[in-house]
Amino acid sequence: MAPRAPRSRHWQWLLILPAVAPLLTPFANRIEPVLLGVPFFFWYQFACALFAIVVISAVHLATRDGGHD
Amino acid sequence: MTDRDVEVGVFTVLMAVVLVLGFGAARWRAPQDPHTLEEWGAGGRAFGNWTIWFLIGGSMYSAYTFVAVPALTYGIGAIGYFAVPFAIITTPLTFVFTTRAWSVARRHGFLTHSEFASARFGSPGLGAAVAVTGILATMPYVAVQLLALQAVLRTVGFGGEWPLLAAVTVMSVCTFRSGLRAPALLSVVKDVLMAWMLLTALLVVAMYGGWDRTFRVSGEYFAGTPSPVDGLLLPDTGHLGFLTLVIGSALAVFAYPHALVGMLAAKDRATVRRNAAALPIYCLALALMALLGFFALARGVTPVDGDLNTVVPRLIHEFFPSWSAGIAYAALSVAALIPAAVMSIAAASAFTRSLYRPYLRPGASPATEARVSRWVSLLVKFGAAALILAVDPAFSVDLQLIGGVIILQTIPATFLGLLTGWFHRAALIAGLLTGLTAGVAMLYDVPKLDATGRVVAEHFGGTSWSLGNGSTVYVGIVALLLNLAVAALATVLLRAAGVPGGGDATRPDDYLADAGDARLKRLDDLIDGLPRRHTVPAASGSTPGLRGGHRLTL
């Protein structure tokens, strides 16, 4: 198989963001702002899940080699 | 017809459909040679995007999760929500690590972590240790799935022991016949039912006062309890315990044998990666279920016989329309049986590949391996059923907590091993033993407290190790850190003393191999002993990117 372009692998570092975001409990441990009646602590994790989808999809698209996978 | 009849009727009909589908799954995209272990254990290793997504969702987001997590938020509040961040952080890790695991496993024909550890560090002994740890940790995990199933059956009105045994027998027959195809196909059914259940739950919450009322009443309830740790937010001293539990649980996911089995059935690397991107959708479902625990609390739902696992089934029974309740019960039951099936397949593969083949019967043919695995998987399922029938259910939950702590100890060999082969094989074994001893010793030392903080049992009272100032830390992480320290230190010492390490049978480019790579196929043949003539490509050919998988078949 052809060697992977090293440039594209740097995109993987972006994955640190969705891996760390759910762990920021000192920041997320609050009631306000409430969304649809749900305290921030709880809906923050919903936001993290959506964020993970966006970032992982972006990294996947950016690191696909030449559209062959 | 009473509401109860409708509920039980819908549930029974759906379970009958599940049985037929599970039994017929063997014919689904049928292989030419169904008698090799690879075919039976990993669905011929040729599942596409959708199938894998459902299968992983089916095996990782189990009934135990969907029943136990709301039970936790119901009982303790914010801390019980740890399962959600834990599930989310597994997804970027899957993207990186599982892709590497897929490649190296495909090139070498591994079905289990233990085989990988054995090859990576040149030590069948290490492989056997990883396999034994994996099997020990998986048994109680299967048992808690069956406990969740029992909680559902009990709420439906099927009390006693025979309904559980009947369900396990049905699932065993399906798995025995169809291997991974049965759980994969049933996962699709489960997700449809589960989506319906979540939709109903949302409507029910909206109809009964919405989330505003739910959190207001729950907040007042927690404020009135004597316990300092429960509440809608983490206590100030709760962050360390919460975060170590999140990280430890997330890592443990990559060490359980069943996590790998599902992903190995993927057709190519891109399938694994696309799945990592789509898996957070399950996290959303899990988060929603966790919030239902608060709803149950706010509506005054009370568990059957004090068993918190029955909170969700009780909630369904009291608030769902009866036919929807039948659907929800079926969703939870299937969600318990699928992971039980996948876990038992994985534990059986670990036994066959890392204990039976190297130690008991070298040179076993693929057909023999497949046969041994089938019987072992049966043994695992009935062993788990016996476990919960023979011992106090509360004790099986404790066993599962112990299981989580001990499986974490294989992380240096299996998970870090994907990145580096630096560790010395003897150092890894020493680290594993240290971690296991320290973990179990600490668990033994954790007293069980009731809501007021009074000690009700001296030992095995949970996985939170008290640091004395109100803070706690997850036992698994402490044991893992000790394990890593010993492994690293011993590696340095052994290398300095010139003790030869094991040869690494893998090469750097093994971790990047993708479908279409010539060596992938040759090595598969070598390890199977049988040529793989034919692999049915995914039914959908709509994405041009999917084509990569076809080259495997040529």
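Quick mapping for you: the protein sequence lines, in order, are chains A and B. Numbering-wise, the first sequence is residues 1 to 69 according to full-length UniProt numbering. Numbering-wise, the second sequence is residues 1 to 554 according to full-length UniProt numbering. The beta-carbon is built from N, C-alpha and C at its ideal position, and this holds for glycine as well.
Residue i classed as buried or exposed, judged by whether at least 16 other C-beta atoms fall within 10 angstroms
i: Glu32(A); result: exposed
i: Asp212(B); result: exposed
i: Asn469(B); result: exposed
i: His258(B); result: buried
i: Met207(B); result: exposed
i: Tyr282(B); result: buried
i: Phe460(B); result: buried
i: Pro183(B); result: buried
i: Arg30(A); result: exposed
i: Trp53(B); result: buried
i: His10(A); result: exposed
i: Asp398(B); result: buried
i: Tyr44(A); result: buried
i: Thr2(B); result: exposed
i: Leu387(B); result: buried
i: Gly498(B); result: exposed
i: Leu467(B); result: exposed
i: Leu360(B); result: exposed
i: Gly224(B); result: exposed
i: Val536(B); result: Note that Val536(B) scores a pLDDT of 38, beneath 50, so its modelled location is shaky and nothing firm can be said.
i: Arg120(B); result: buried
i: Leu493(B); result: exposed
i: Pro280(B); result: buried
Residue i versus the options, residue with shortest Cα-Cα distance
i: Thr91(B); options: Leu50(A), Pro26(A), Leu36(A), Phe40(A); result: Leu50(A)
i: Leu308(B); options: Val67(B), Leu389(B), Tyr61(B), Ile338(B); result: Val67(B)
i: Phe294(B); options: Val55(A), Ala62(A), Phe42(A); result: Phe42(A)
i: Tyr81(B); options: Ala278(B), Gly262(B), Leu232(B), Met207(B); result: Leu232(B)
i: Phe46(A); options: Ala87(B), Gly122(B), Leu19(B), Gly435(B); result: Ala87(B)
i: Val342(B); options: Phe11(B), Glu115(B), Gln145(B), Ser118(B); result: Gln145(B)
i: Leu93(B); options: Ala276(B), Arg216(B), Val8(B), Leu245(B); result: Ala276(B)
i: Ser349(B); options: Thr2(B), Thr138(B), Trp50(B), Gly75(B); result: Thr138(B)
i: Leu284(B); options: Val84(B), Gly9(B), Gly501(B); result: Val84(B)
i: Phe23(B); options: Ala496(B), Thr175(B), Leu234(B), Pro235(B); result: Thr175(B)
i: Val312(B); options: Gly503(B), Leu297(B), Lys190(B); result: Leu297(B)
i: Ser487(B); options: Leu416(B), Phe254(B), Val446(B), Gly462(B); result: Inspection of the sequence shows that residue 487(B) is occupied by Ala rather than by Ser. Residue Leu416(B) is the option with its Cα nearest to Ala487(B).
i: Gly403(B); options: Ile135(B), Leu193(B), Leu153(B), Ala457(B); result: Ile135(B)
i: Gly179(B); options: Ile89(B), Leu72(B), Ala340(B); result: Ala340(B)
i: Ala457(B); options: Ser466(B), Thr51(B), Val446(B); result: Val446(B)
i: Pro226(B); options: His239(B), Gly306(B), Ile76(B), Thr506(B); result: Ile76(B)
i: Ser172(B); options: Leu292(B), Glu7(B), Ile345(B), Val492(B); result: Ile345(B)
i: residue 627(B); options: Pro508(B), Lys381(B), Ala331(B), Leu481(B); result: Past the edges of chain B, shown from 1 to 554, lies residue 627(B), and the structure says nothing about it.
i: Arg269(B); options: Ser118(B), Arg357(B), Phe97(B); result: Phe97(B)
i: Leu35(A); options: Leu389(B), Thr271(B), Gly210(B); result: Gly210(B)
i: Val380(B); options: Leu292(B), Arg425(B), Tyr141(B); result: Tyr141(B)
i: His424(B); options: Leu193(B), Leu165(B), Ala485(B); result: Ala485(B)
i: Pro508(B); options: Trp422(B), Val455(B), Gly501(B), Leu432(B); result: Trp422(B)
i: Met289(B); options: Pro362(B), Ala71(B), Phe11(B); result: Ala71(B)
For residue i, the residue or residues it bridges with in DSSP
i: Ala457(B); result: Lys448(B)
i: Val342(B); result: DSSP, once it has assigned bridges, lists no residue as partnering Val342(B).
i: Trp465(B); result: Val473(B)
i: Gly77(B); result: Gly231(B)
i: Leu35(A); result: Val38(A)
Inter-residue CB distance, residue i and residue j (contact presumed, cutoff 8 angstroms)
i: Ala167(B); j: Leu149(B); result: 6 angstroms
i: Gly241(B); j: Ser464(B); result: 5 angstroms
i: His317(B); j: Thr420(B); result: With a Cβ gap of about 51 angstroms, His317(B) and Thr420(B) do not count as contacting.
i: Leu126(B); j: Ile406(B); result: Contact flag wrong, Cβ pair sits at about 16 angstroms.
i: Ala255(B); j: Thr414(B); result: 6 angstroms
i: Arg314(B); j: Val301(B); result: 5 angstroms
i: Arg357(B); j: Ala347(B); result: Not confirmed; about 15 angstroms, so no contact.
i: Val272(B); j: Thr99(B); result: 5 angstroms
i: Leu378(B); j: Glu161(B); result: Not confirmed; about 18 angstroms, so no contact.
i: Ala479(B); j: Gly122(B); result: Contact flag wrong, Cβ pair sits at about 25 angstroms.
Test: residue i CB closer than 8 angstroms to a CB of chain C
i: Pro33(A); result: Of the protein chains in this structure, namely A and B, none is chain C.
* Asked: Does the region 320–330 of chain B touch the region 49–60 of chain B, meaning 3 or more C-beta pairs lie closer than 8 angstroms?
  -> no
* Given 8 angstroms, three or more beta-carbon pairs between the region 8–27 of chain A and the region 198–205 of chain B -> no
* Please confirm if the region 50–60 of chain A is in contact with the region 1–20 of chain B, defined as three or more CB-CB distances below 8 angstroms between the two stretches. => With the rule of 3 Cβ pairs closer than 8 angstroms, the region 50–60 of chain A does not count as touching the region 1–20 of chain B.
* Asked: How about the region 342–354 of chain B and the region 108–123 of chain B: do they share at least three Cβ pairs that are nearer than 8 angstroms?
  -> yes
* Asked: For the region 409–423 of chain B against the region 112–131 of chain B, are there 3 or more C-beta pairs whose distance is under 8 angstroms?
  -> Note that the region 409–423 of chain B touches the region 112–131 of chain B; at least 3 beta-carbon pairs, one per stretch, sit closer than 8 angstroms.
* Within the chosen definition, does the region 214–226 of chain B reach the region 354–373 of chain B through at least 3 CB pairs nearer than 8 angstroms? -> No: fewer than three Cβ pairs fall under 8 angstroms.
* Asked: So does the region 505–515 of chain B actually touch the region 92–106 of chain B, counting three or more Cβ pairs closer than 8 angstroms?
  -> yes
* **the region 467–484 of chain B / the region 420–438 of chain B touching (three or more Cβ pairs under 8 angstroms)** => yes
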